[in-house]
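*Asks:* Protein chains in written order, with the numbering used here: chain S, 23 to 379; chain P, 23 to 379.
Just so it is clear, CB atoms sit at the ideal spot from N, CA and C, and this is done for glycine as well.
A quick note: this is a predicted structure, and the numbers were derived from the prediction, not measured.
2 protein chains.
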Amino acid sequence: MKSIFFTRGVPPRESIPVNALAECARAVIIDEGIDILQYAPAAGYSPLRELIAQKKNASMDRIILGQGSLQILDILLHCLLHSGDTVAVEQPTYDRVLTLMRRAGLRICPMNLGRDGLDLDNLENKLGNGEQIRLIYTIPDFQNPSGMVMTLEKRKRLIDLASRFNFYIVEDSPYRDLRYEGEAFPSLFDLVPDTTIQLSSFSKLICPGLRVGYAVLPQNLTKTVTHYAEDTYINPSYLNHAIVYRFLQNGLMEDHLVFLKNLYGMRLKSMLSALDKNMPDRCTWTHPQGGFFVGLWLASNDGPALLERAETQGLRLSDGRGFFVHAGENFIRLPFCALNEEEIQEGIKKLAQIIHP
Amino acid sequence: MKSIFFTRGVPPRESIPVNALAECARAVIIDEGIDILQYAPAAGYSPLRELIAQKKNASMDRIILGQGSLQILDILLHCLLHSGDTVAVEQPTYDRVLTLMRRAGLRICPMNLGRDGLDLDNLENKLGNGEQIRLIYTIPDFQNPSGMVMTLEKRKRLIDLASRFNFYIVEDSPYRDLRYEGEAFPSLFDLVPDTTIQLSSFSKLICPGLRVGYAVLPQNLTKTVTHYAEDTYINPSYLNHAIVYRFLQNGLMEDHLVFLKNLYGMRLKSMLSALDKNMPDRCTWTHPQGGFFVGLWLASNDGPALLERAETQGLRLSDGRGFFVHAGENFIRLPFCALNEEEIQEGIKKLAQIIHP
């Protein structure tokens, strides 16, 4: 029996534009190899920084390219905070970020993300009562792991709180460009471009293995962050940056994005219809219009036991508790992009059976 | 006036095998793109790990590939040590390592590296008096910045001290394969393969920009270090590892190494003859048989003033103090690989003139 993986948020094999990337790689080395294969400044390959800067309507020195965006977040945590400082995250949130924050010795204050979206009342109460929150990490668009989108009203309210209580907002946006229907709200960066720290990457748009992520930084942080990056790894691989740049410059992204949106959009539809058809009434789930994930809440704290039952049925789940500071026993993340429709239908049917035997 | 750079240890433009790397990059993406452009285990691309393991006569799980070896060292410092711990380094040593150690909050105990080589008497005294040294970082072969090679006797004595006083040895070996004449001593890793941590990279053998460095770890550290790497950046770029592997598998390294040794060997000869011809008697310098650097000791602590005088003559030097925990005003690092013979002759002549006007 072949296992069905509802585990990590990886793009499917068929999404990687192998031939185009092979040609881009060859061409950039022939054309610019002597420069991109040498030591170089830590902020990354300038043409790609410039292109991102234009798209963001920001100056190029505010863009730092790294080896994935997670590592840039780790650098940010070290540059902006001290061990013992308090940070806030959505709960559930991206598990790897919780790991980095714990490793940095930070106190993590969870902001509940429930059926009605992000609970900002509780956050405002805490801030009003003197809680010193230094930084908030949020994924407003097609959140990992819930798939949720933050409403415009909440975006504005979060920004207002940041300004009143003086904390950094780190907006992680890897899924924002993967909208399969409906209209986007402005990003937090769009709303306050001077002070929002925005992270993103090409991992979900081209492929993860190139490890090309980036941050748009407030002007006053660029030197510190770039310096820390240089001290850590001298410079990221410009070859990888140049391959991405060539892919964009050759106009390959437009068609590729259409292809991805079609493919993933169909899989999302299939996922939502399978949930409608199979899931018991007492479960609830999100209905995203993009991204990689649907978030499912069970009626009980049965998640950990479910994991084991799933294994016996050839179904692999992630432990919901990994996405929570506390709790998570009633949460399951359902990534849909790397499964075909047959796997999605079969997987959800099996999942429903073990939830409600 | 074109400046002559005696600054950082970068390979020359003409050393980068651009066409071969372009072909390797295209071929690995065509052949293995779907795998190497996906998320993957943090220890790096297995075929290259296996190849290094064979060369080192170690099991593959002891090899971790990173994004340059400096970043692996940073991970090691975090995995093995706590803020406040004491580490020892040669003095002078690689400046970037001092930066990482200071950033990690480590106490740095300098071991003087003078005209007679490494002072192990002083180290043994300190250890005997109860100094708790947790880790020693050393570059035994063609040391950066001095060009020195540690004698076999001192290698054995250092190993004996490590075993008696229970500290880690981190041996950084990026220059070891670049010997232009004479015979190598066994590496520290060769002498005690089970417990030495050896770092190396392809930055000086193929090119720096691919950022392919690695560590050979003692068996009991592999899980901790790999886990920390995964938490930091998920995985390094397998594309870069695969390009290096293909370059090696295609048998291109043998000829390339012959080419590099000829080129750099001539430049080293030119550097040594220029020093002999021009330098005042009271200066002393090393006479390495390989690597990237000659280390020069001035008769006075005139280094910082010299830096400024050099600028006015179109000569760029690194500040010797960067390589020292304390002092360094009498030290100059002279990298020779990226300068042609004319630049070397002219540069050393000018340097001699400003040292002894």
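What are the complete beta strand (DSSP E) segments, minimum 3 residues, inside the stretch 97 to 184 of chain S?
*Replies:* 108 to 113, 129 to 136, 155 to 160
*Asks:* Identify which residue in S/Gly169, S/Pro162, S/Pro167, S/Phe345 has its Cα closest to the Cα of S/Arg179.
*Replies:* The option with the nearest alpha carbon to S/Arg179 is S/Pro162.
*Asks:* Does S/Pro230 have its Cβ less than 8 Å from a Cβ in chain P?
*Replies:* yes
*Asks:* For P/Leu297, name the three-state secondary structure that DSSP assigns.
*Replies:* Look at P/Leu297 here: in three-state DSSP terms it is helix.
*Asks:* Please return the same chain residues whose Cβ sits closer than 8 Å to the Cβ of S/Ile219, not counting the five positions on each side in sequence.
*Replies:* Leu98, Tyr190, Ile191, Val192, Glu193, Ala237, Val238, Leu239, Pro240, Leu243
*Asks:* My output table needs one value for P/Glu193: the three-state DSSP class, helix, strand or coil.
*Replies:* If DSSP states are grouped into helix, strand and coil, P/Glu193 belongs with the strands.
*Asks:* If you follow the beta strand (DSSP E) that P/Ile26 is in, where does it begin and where does it stop?
*Replies:* 26 to 28
*Asks:* Three or more beta-carbon pairs under 8 Å between the stretch 78 to 98 of chain P and the stretch 245 to 258 of chain S, yes or no?
*Replies:* yes
*Asks:* So, at 7 Å on beta carbons, what are the nonlocal neighbours of P/Tyr286 in its own chain, with the 5 sequence-adjacent residues on each side left out?
*Replies:* Leu200, Tyr202, Cys359
*Asks:* The beta strand (DSSP E) that contains S/Leu221, what's its start and end?
*Replies:* 219 to 223
*Asks:* Using the three-state DSSP reduction, which class does S/Val316 fall into: helix, strand or coil?
*Replies:* strand
*Asks:* Quick one: what's got a C-beta closer than 7 Å to S/Gly31's C-beta in the same chain, skipping five residues either side?
*Replies:* Within the same chain, S/Gly31 has close Cβ partners Asn166, Phe314, Phe315, Pro357.
*Asks:* Over what stretch of residues does the beta strand (DSSP E) that includes S/Phe353 continue unbroken?
*Replies:* Taken as a continuous stretch (DSSP letters only), the beta strand (DSSP E) holding S/Phe353 covers 353 to 357.
*Asks:* Determine the DSSP secondary structure at S/Thr244, reduced to helix, strand or coil.
*Replies:* For S/Thr244, the secondary structure class from DSSP, reduced to helix, strand or coil, is helix.
*Asks:* Using 8 Å as the threshold, is the C-beta distance between S/Asn300 and S/Gly325 below it?
*Replies:* no
*Asks:* For S/Glu54 and P/Ile56, what's the separation of their Cα atoms in angstroms?
*Replies:* 25 Å
*Asks:* Let me know if P/Glu364 comes out buried or exposed under the rule of 16 or more other beta-carbons within 10 Å of its beta-carbon.
*Replies:* exposed
*Asks:* What span of residues does the alpha helix (DSSP H) with P/Arg338 cover, start to end?
*Replies:* Premise fails: P/Arg338 lies in the beta strand (DSSP E), 337 to 339, not in any alpha helix (DSSP H).
*Asks:* In chain order, what residues of the same chain have a beta carbon less than 6 Å from the beta carbon of P/Ala374, not counting five sequence neighbours either side?
*Replies:* Asn300, Met301
*Asks:* Give the straight-line distance between the Cα atoms of P/Gly127 and P/Ala264, rounded to the nearest whole angstrom.
*Replies:* 36 Å
*Asks:* Just tell me which of S/Ser195, S/Leu122, S/Thr108 has its CA closest to the CA of S/Phe345.
*Replies:* S/Leu122
*Asks:* Residues of chain P with CB closer than 8 Å to the CB of S/Asn262, please, in chain order.
*Replies:* Ordered by position in chain P, the residues that pass the 8 Å Cβ test against S/Asn262 are Ser259, Leu261, Asn262.
*Asks:* Under DSSP, the beta strand (DSSP E) around S/Val238 begins and ends at which residues?
*Replies:* S/Val238 -> beta strand (DSSP E) spans 234 to 238.
*Asks:* Going straight from the alpha carbon of P/Asp212 to that of P/Leu73, what length do you get?
*Replies:* 17 Å
*Asks:* Closest by CA to P/Ile86, which one among P/Thr246, P/Val119, P/Gly136, P/Leu270?
*Replies:* The shortest C-alpha to C-alpha distance from P/Ile86 to any of P/Thr246, P/Val119, P/Gly136, P/Leu270 is the one to P/Thr246.
*Asks:* If we ignore side chains and look at the alpha-carbon of each, how far apart do S/Val214 and P/Leu290 end up?
*Replies:* 55 Å
*Asks:* Relative to the C-alpha of S/Leu174, which candidate in S/Pro39, S/Leu210, S/Asn147, S/Asn144 has its C-alpha closest?
*Replies:* S/Leu210
*Asks:* What separation, rounded to the nearest whole angstrom, lies between the Cα atoms of P/Phe207 and P/Pro196?
*Replies:* Distance between the alpha carbons of P/Phe207 and P/Pro196: 15 Å.
*Asks:* For S/Gln154, count the other beta carbons within 10 Å of its own beta carbon; 16 or more makes it buried, fewer makes it exposed. Which is it?
*Replies:* exposed
*Asks:* Name the residue from S/Val347, S/Leu70, S/Asn362 whose alpha carbon lies nearest to the alpha carbon of S/Arg129.
*Replies:* S/Val347
*Asks:* Under 8 Å between the Cβ atoms of S/His100 and S/Tyr250?
*Replies:* yes
*Asks:* What does a CB cutoff of less than 6 Å around S/Lys371 pick up in its chain, not counting 5 residues either side in sequence?
*Replies:* Asn300
*Asks:* From the DSSP output, in three-state form, read off S/Gly88 for me.
*Replies:* Secondary structure at S/Gly88: strand, using DSSP grouped into helix, strand and coil.
*Asks:* By DSSP, does S/Thr306 sit in helix, in strand, or in coil?
*Replies:* The answer is strand: DSSP assigns S/Thr306 an E or B state.
*Asks:* Taking P/Val32 as the query, report the chain S residues whose CB atoms sit under 8 Å from its CB, ordered along the chain.
*Replies:* Gln60, Tyr61
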